[in-house]
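Colleague:
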Amino acid sequence: MPLERLFLDISAIVVVATLLGLLARWLKQPLILGYVLAGIILGPSLFGFISEPQVIGVLSSFGIAFLLFLVGLELDLSKLKVIGRPSLLLGFGQVLFTAVVGFGIIRFFGFDSLPAIYIAIALTFSSTIIVVKLLSERQALESLYGRLAIGMLLMQDFIAIFALIILSGFAGGQVPTTAELAFILLKGAGLIMLALLSGRFILPHLFMKLARSSELLLLSSIAWCFGFALVAVVGGFSLEIGAFLAGLALARLPYHLEIVGRVRSLRDFFITIFFVLLGSQLLFANLTAMAWPFIILSLFVLVGNPLIVMVIMGLMGYTKRTGFLVGLTVAQISEFSLILMHLGYRLGHVNTSEVALVTLIGITTITLSSYLITYGDSIYRRLAPYLKIFEKKTALENIKEIDSLNNHTVIFGCDRLGEKLVASIQELGQPLLVIDFDPETVARLLLQGVPCIYGDMSDPEIYDRAQLKTAKIVISTVPDINSNQLLLQETKRRGLSVPIYVTADTWQDTENLYLAGADYVVFPHYLSGEYMSTLLKQLNSNPAATAQERERHLKDLHHHYKSRHKA
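1166 is the number that this note's numbering gives the last residue of the sequence shown; the numbers go up by one with no jumps.
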């Protein structure tokens, strides 16, 4: 193979992928769609420009290896502790139901058991990267549905890695027996322990010396990645799983962020080649026989996955709006799904048509779900009358109905600032109503006898139950500009003149909220500067003031900790 031809192949891939990536960004679509489209254009379906797919395939394997290496480096196992019970149940429940129902649909179309397992698992995972980006653009990451969705997707990521480890240990093209599966699990556990023990006892001492040189730090990290990948292959697993565990072993090092920063560029380059290669393998002539599976499975992801989530959330007691918006975040498959199918192809478990089927489902669902998430509120308003079956009459967000209040303070959010306000208002003996979307916070406040409603500030329906008409003042401690602007809009729409205090994180948000009609905007950075100035003035007149303030501060923190950890 002439070197010049390989150079031309790579040049064409990079140039076309860049141009279509720019087009995807202009259309506000994920870059992955541009890369796959570049592969379709360069592949045999259209121009057939890629002449050496085997060599390009080797290069694309580097992309997957670097991607999973970085996933391991950035994976924080402690996140499992903070995901929260609702997201934990939601993640497990959605993956289980989607996999079981999806497997049944796939088998109905005549697929063999092992390919059906691969495709069913591929349909269960949603893209954390895409969803986080879309929710961030909507400034919905801190909303109730945003937090639940991110927690659920993190749970999916952990399950995806586990699935990759198990499936990469399958030998041949058959479903393993119980004994073989137990042996795979045992080998996998041994490989994980080897990685974790290396990261605990060997790598810190080795990398302490290597980290003195940034070049050696990069080279040694890549060497460790490839070396452990080889160990995984010898142990009967794929090199990609070895790369992931190599990253996991380095995750506790103090230099792991620098390693991530240096390897990310390599990942981006080689993973682009992977997605282009994936697109080039889409042979539309062979996909005509897959037309019905493609249509039904795409609809299953776009409609079935959200319905499954809505049913689970309804059973857990959430309102139809929260369930609907969380459901929309799983209406696409993940980049992990494509990697899983590629791995299955390399292991001989699935064929090119099955990989192409999932790739086409990915292109379709990622494109359409981007619009579903972006316009989720508008879609919900149209469908709300038909979604009552997904909401319990005693929904968690409606459990605590509050008696009529008058001349009371309404507080949205009871974390940090809100908790201090509640204590102050209680000391004054004035009526109040707290609205919060953290179930543990609501339970704690109810035990303390504080009138409290479980609800999300970004849900317009909550304002009908907040008794704003008879309120003395409304205070929002939630620093989300969209939620605060909605609060101001809802009070204006109702023709209320109640004073409204809100919270902001930036100067720009502060100015925008004043323009929107807020009576006062709490800007913590500004207030903390003023408070520090006051302390310095007190220090000049009374040297003991700082020590007194320190003791008071520690006492408050101790009280806050006790109240949060009280059974």
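Here a beta-carbon is modelled for each residue, glycine too, at the ideal position from N, C-alpha and C.
Mind pulling the alpha helix (DSSP H) runs of 4 or more residues that sit fully within the segment 690–757?
Modeller: 712–723, 727–736
Colleague: Can you tell me whether ALA1193 is helix, strand or coil according to DSSP?
Modeller: There is simply no residue 1193 to check, as the chain begins at 600 and stops at 1166 in what is shown.
Colleague: Using 10 angstroms around the beta-carbon of LYS1019, count the other beta-carbons present and answer buried if the total reaches 16, otherwise exposed.
Modeller: Along the sequence shown, one-based indexing puts residue 1019 at 420. Looking at its Cβ environment, which holds fewer than 16 other Cβ atoms inside 10 Å, LYS1019 is exposed.
Colleague: Let me make sure I understand the geometry here. Which of PHE874, GLY701, ALA715, LEU849 has the alpha-carbon closest to that of LEU796?
Modeller: Position 197 of the sequence shown, counted from the start, is the residue given in the question as residue 796. Answer by Cα proximity: LEU849.
Colleague: Just curious, the beta strand (DSSP E) that THR951 is in, first and last residue?
Modeller: Within the sequence shown, residue 951 is the residue found at index 352, counting from 1. Premise fails: THR951 lies in the alpha helix (DSSP H), 951–973, not in any beta strand (DSSP E).
Colleague: Identify which residue in ALA1042, THR1008, LEU1045, MET889 has its Cα closest to the Cα of LEU1027.
Modeller: On the sequence shown, residue 1027 is found 428 positions in, with the first residue counted as 1. The residue with the shortest Cα to Cα distance from LEU1027 is THR1008.
Colleague: Taking the alpha-carbon positions, what's the GLY745 to LEU605 distance?
Modeller: Locating residue 745 in the sequence shown gives position 146, counting from the first residue. Locating residue 605 in the sequence shown gives position 6, counting from the first residue. Their backbone Cα atoms lie some 45 Å apart in a straight line.
Colleague: GLY846 and PHE668 - do their beta-carbons sit closer together than 8 Å?
Modeller: For the purposes of this step, residue 668 is taken as the residue at position 69 of the sequence shown. For the purposes of this step, residue 846 is taken as the residue at position 247 of the sequence shown. Yes. Within cutoff.
Colleague: Since VAL1077 is in the beta strand (DSSP E), which residue starts that stretch and which ends it?
Modeller: In the sequence shown, the residue the question calls residue 1077 occupies position 478. Counting along the chain, VAL1077 sits inside no beta strand (DSSP E), nor does DSSP assign it H or E at all.
Colleague: Starting from the Cα of ALA637, find the closest Cα among SER686, GLY798, GLU953, SER610 and give me that residue.
Modeller: In the sequence shown, residue 637 corresponds to position 38, counting from 1. The option with the nearest alpha carbon to ALA637 is SER610.
Colleague: Measure the C-alpha to C-alpha separation of SER742 and PHE899 and round it to an integer number of angstroms.
Modeller: Position 143 of the sequence shown, counted from the start, is the residue given in the question as residue 742. Position 300 of the sequence shown, counted from the start, is the residue given in the question as residue 899. The alpha-carbon atoms of SER742 and PHE899 are separated by roughly 27 Å.
Colleague: Is it right to say PHE827 is buried, meaning 16 or more other beta carbons lie within 10 angstroms of its own, or is it exposed?
Modeller: For the purposes of this step, residue 827 is taken as residue 228 along the sequence shown, with counting starting at 1. Result: buried.
Colleague: Enumerate in chain order the residues of its own chain whose CB-to-CB distance from ASP919 is below 6 Å, with the five nearest sequence positions on each side excluded.
Modeller: The residue given as residue 919 occupies position 320 in the sequence shown. It is worth fixing the name first, because residue 919 is Lys in this sequence and not Asp. So the list reads LEU986, PHE989, GLU990, once near-sequence residues are dropped.
Colleague: Going by beta-carbon coordinates alone, are ILE714 and HIS948 separated by less than 8 Å?
Modeller: For the purposes of this step, residue 714 is taken as residue 115 along the sequence shown, with counting starting at 1. For the purposes of this step, residue 948 is taken as residue 349 along the sequence shown, with counting starting at 1. First, the amino acid is wrong: residue 714 is Pro here, not Ile. Yes, Cβ-Cβ distance for PRO714 and HIS948 is below 8 Å.
Colleague: Would you check if the distance between the CB atom of PHE1122 and the CB atom of SER1075 is smaller than 8 Å?
Modeller: As a position in the sequence shown, residue 1122 is number 523, starting the count at 1. As a position in the sequence shown, residue 1075 is number 476, starting the count at 1. Their beta carbons are not under 8 Å apart, which means PHE1122 does not touch SER1075 by this criterion.
Colleague: Can you tell me where the beta strand (DSSP E) with CYS1051 in it begins and where it stops?
Modeller: By one-based count along the sequence shown, residue 1051 stands at place 452. Where CYS1051 is concerned, the enclosing beta strand (DSSP E) stretches over 1051–1053.
Colleague: Could you check if LYS1154 is buried or exposed, using at least 16 other CB atoms within 10 Å of its CB as the buried criterion?
Modeller: On the sequence shown, residue 1154 is found 555 positions in, with the first residue counted as 1. It counts as exposed.
Colleague: For the beta strand (DSSP E) that contains PHE648, what are its first and last residues?
Modeller: Counted from its first residue, the sequence shown places residue 648 at position 49. Note, PHE648: premise wrong, no beta strand (DSSP E); not H, not E.
Colleague: Exposed or buried, what is THR697 when buried is set at 16 or more other beta-carbons lying within 10 Å of its beta-carbon?
Modeller: As a first step, residue 697 is located in the sequence shown; it is residue number 98 there, counting from the start. Counting Cβ neighbours within 10 Å, THR697 comes out buried, since at least 16 surround it.
Colleague: Jot down the residue ranges of each uninterrupted alpha helix (DSSP H) in the segment 1004–1028, minimum 4 residues, whole runs only, in chain order.
Modeller: 1016–1026
Colleague: In three-state terms, what does DSSP make of LEU946?
Modeller: As a first step, residue 946 is located in the sequence shown; it is residue number 347 there, counting from the start. Note: LEU946 maps to coil in three-state DSSP.
Colleague: Using beta-carbon positions only, say whether ILE870 and PHE665 come within less than 8 Å of one another.
Modeller: Here residue 870 corresponds to residue number 271 of the sequence shown, with the count starting at 1. Here residue 665 corresponds to residue number 66 of the sequence shown, with the count starting at 1. Yes, Cβ-Cβ distance for ILE870 and PHE665 is below 8 Å.
Colleague: In angstroms, rounded to a whole number, what distance separates the CA positions of VAL875 and THR964?
Modeller: Numbered from its first residue, the sequence shown carries residue 875 at position 276. Numbered from its first residue, the sequence shown carries residue 964 at position 365. Here the C-alpha atom of VAL875 lies approximately 18 Å from the C-alpha atom of THR964.
Colleague: Any chance the segment 1051–1064 sits against the segment 1084–1099, with 3 or more Cβ pairs inside 8 Å?
Modeller: yes
Colleague: Do you know how far the Cα of GLU857 is from the Cα of GLU814?
Modeller: Along the sequence shown, read from residue 1 onward, the residue named residue 814 stands at position 215. Along the sequence shown, read from residue 1 onward, the residue named residue 857 stands at position 258. Cα to Cα, GLU814 sits roughly 11 Å from GLU857.
Colleague: Excluding five sequence neighbours on each side, which residues of the same chain lie with their C-beta closer than 8 Å to the C-beta of TYR562?
Modeller: Look at the range of the chain in this structure, 600 to 1166, and you will see that residue 562 is not part of it.
Colleague: Under 7 Å Cβ to Cβ from MET889, same chain only, skipping five residues before and after it: list those, please.
Modeller: One-based indexing of the sequence shown puts residue 889 at position 290. If we look at MET889 and ignore the five residues flanking it on each side, its Cβ neighbours are SER952, LEU956.
Colleague: Please confirm if the segment 900–920 is in contact with the segment 928–944, defined as three or more CB-CB distances below 8 Å between the two stretches.
Modeller: yes
Colleague: Which residue marks the beginning of the beta strand (DSSP E) containing VAL1121, and which one marks its end?
Modeller: Along the sequence shown, one-based indexing puts residue 1121 at 522. It spans 1119–1121 - the beta strand (DSSP E) in which VAL1121 sits, taken as one unbroken run.
Colleague: Where does LYS627 sit, in a helix, a strand or coil, going by DSSP?
Modeller: As a position in the sequence shown, residue 627 is number 28, starting the count at 1. Looking at LYS627 - three-state DSSP - the assignment turns out to be coil, as it is neither helix nor strand.
Colleague: Could you pull the start and end residues of the alpha helix (DSSP H) that LEU896 belongs to?
Modeller: One-based indexing of the sequence shown puts residue 896 at position 297. Taken as a continuous stretch (DSSP letters only), the alpha helix (DSSP H) holding LEU896 covers 890–898.
Colleague: Once the 5 residues before and after LEU865 are set aside, which same chain residues still bring their CB inside 7 Å of it?
Modeller: Numbered from its first residue, the sequence shown carries residue 865 at position 266. So the qualifying residues of the chain are PHE665.
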